[in-house]
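A quick write-up on the structure given underneath.
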Amino acid sequence: MAKVKVKLAGMIDRKMVNQVYDEEVAEDTRLTELFKQLDKKAGWGKSYFKKILKLPTPPVLLLNGEQVDLEKLAEISLKDGDEVALLMPMAGG
């Protein structure tokens, strides 16, 4: 098993969110599978991560500090110690 940390930050449904999940996944689990696993257990509602990844202004996704193209989620495998961050875009003036 691999232990990964998932961070979620930004404005979501008009609320400021700063959540951290410590997840255990099988070695070489794809990012898409991680988000499905989180959808099953997160208290945000069914398919929450699936929905935020498809927003008109999608989040920035980082894997170990490097930006990941959202279209390549199914190609990227996780390993022990990885850190995934979903950062919701914010605007201001």
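Numbering (the working numbering), first residue to last: 143 to 235. We treat Cβ as the ideally placed atom computed from N, Cα and C, and that holds for glycine.
Run the proximity test for V202: is its beta-carbon closer than 7 Å to any non-hydrogen atom belonging to the ligand FMN?
What this structure holds is no ligand at all, so the ligand FMN is not there to describe.
Per-residue DSSP class, three states only, for L173
Translated into positions along the sequence shown, residue 173 becomes position 31. Helix, per DSSP.
In this structure, how does DSSP classify K147 when only helix, strand and coil are distinguished?
If you number the sequence shown from 1, residue 147 lands on position 5. Strand, per DSSP.
Could you tell me the boundaries of the alpha helix (DSSP H) in which K241 lies?
Limits of the chain in this structure are 143 at one end and 235 at the other, which puts residue 241 out of reach.
Expressed to the nearest angstrom, what Euclidean distance is found between the alpha-carbon atoms of T171 and N160?
The residue you call residue 171 lines up with position 29 of the sequence shown. The residue you call residue 160 lines up with position 18 of the sequence shown. The alpha-carbon atoms of T171 and N160 are separated by roughly 24 Å.
Which one of E175, Y190, L229 has the shortest CA to CA distance from E217?
Position 75 of the sequence shown, counted from the first residue, corresponds to residue 217. Checked all of E175, Y190, L229; the closest Cα to E217 is E175.
Let me know the secondary structure DSSP gives D221 once reduced to three states.
As a working note, residue 221 is residue 79 in the sequence shown. According to the sequence provided, residue 221 is Lys. The question's Asp does not apply to it. Residue state, collapsed to three classes: coil.
Tell me L180's beta-bridge partners as DSSP assigns them.
Translated into positions along the sequence shown, residue 180 becomes position 38. Bridge partners of L180: none, in fact.
Please list, in chain order, all residues of the same chain as S189 whose beta carbon is under 7 Å from its beta carbon, the five residues on each side excluded.
Reading the sequence shown from its first residue, position 47 is the one you call residue 189. The residues are D181.
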